[in-house]
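In this text, residue positions in the sequence shown follow full-length UniProt numbering: the first is 1, and each later residue adds one.
Here is the structure we will look at.
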Amino acid sequence: MKFWEHFFIQALFSYGSTIGFAICINVPRRALNVAGLAGMASWLTYVGAVMIHVGRVMGSLLGAFIVGVCGIVFARIKHMPVIVFNIPAMVPLVPGATAYQAIRCLALGQLNKAMKLTVLVGMIAGAMAVGFMIAQVVSELSKWLWQRDLEWRRRHEHEKSKSA
1 MKFWEHFFIQ ALFSYGSTIG FAICINVPRR ALNVAGLAGM ASWLTYVGAV
51 MIHVGRVMGS LLGAFIVGVC GIVFARIKHM PVIVFNIPAM VPLVPGATAY
101 QAIRCLALGQ LNKAMKLTVL VGMIAGAMAV GFMIAQVVSE LSKWLWQRDL
151 EWRRRHEHEK SKSA
């Protein structure tokens, strides 16, 4: 399979799974398409990171960062709460297959492999939380810097008008 075909299939299924989950949790209709785009962007970021050998954990962190950024941007554009976009967009990143494999290995008595997979699931979940948190911190920091810059400009213009 060609690279672009693989990439297109990944994009299509991540978009569809995000919208499917969003419908299940009653996301408003006007937010479905944008939530799907956020999920697709996060998954393609993850896939790209894994393809360049960054690793599954770091790929999950980057994907969760993209979820956070997309959620903030789309919430401002659509005038809706951020959580409407963030929760469905995280679905493609959830390590469900790895968690299943860990439980399966545990049931089959393969304790070493089960432990390795369980630790991997925990690391991926932690990376998702950290990536999401970094996006929120970056957003708050950029808001603070923007407001500080505006206040400085207002004071500077006010001082100019007084001296003139």
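Yeah, the Cβ is synthetic: ideal placement off N, Cα and C, and Gly gets one too.
Model, not experiment: these values are computed from the prediction.
Residue i vs residue j beta-carbon contact at 8 Å
i    : j    : result
A31  : V67  : no
L117 : A129 : no
A97  : C105 : no
I72  : A135 : yes
V47  : R56  : no
S17  : V91  : yes
Member of the options whose CA lies at the smallest distance from the CA of residue i
i   : options                : result
V94 : S14, D149, F7, K162    : S14
A99 : L12, L111, L120        : L120
I19 : L37, M133, V50         : L37
V34 : V82, L106, W4          : V82
A89 : A107, H79, R76, C70    : C70
R29 : M80, L150, E140        : M80
V86 : L108, S142, L111, G131 : Strictly speaking, residue 86 in this sequence is Asn, with Val absent from that position. Checking every option, the nearest Cα to that of N86 belongs to G131.
A75 : L145, R154, V27, R148  : V27
Any non-hydrogen atom of the ligand ZN closer than 7 Å to residue i Cβ
i   : result
S42 : With respect to small molecules bound, the structure shown includes none, and the ligand ZN cannot be examined in it.
Legend entry - Cβ contact (3+ pairs, closer than 8 Å) linking the region 20-31 and the region 53-65: no
Inset, instruction - Quick one: which unbroken alpha helix (DSSP H) runs of 4-plus residues sit fully inside the region 9-55? Chain order, please. - result: 29-51
Legend entry - Sufficient close CB pairs (3 or more, under 8 Å) joining the region 32-42 to the region 64-82: yes
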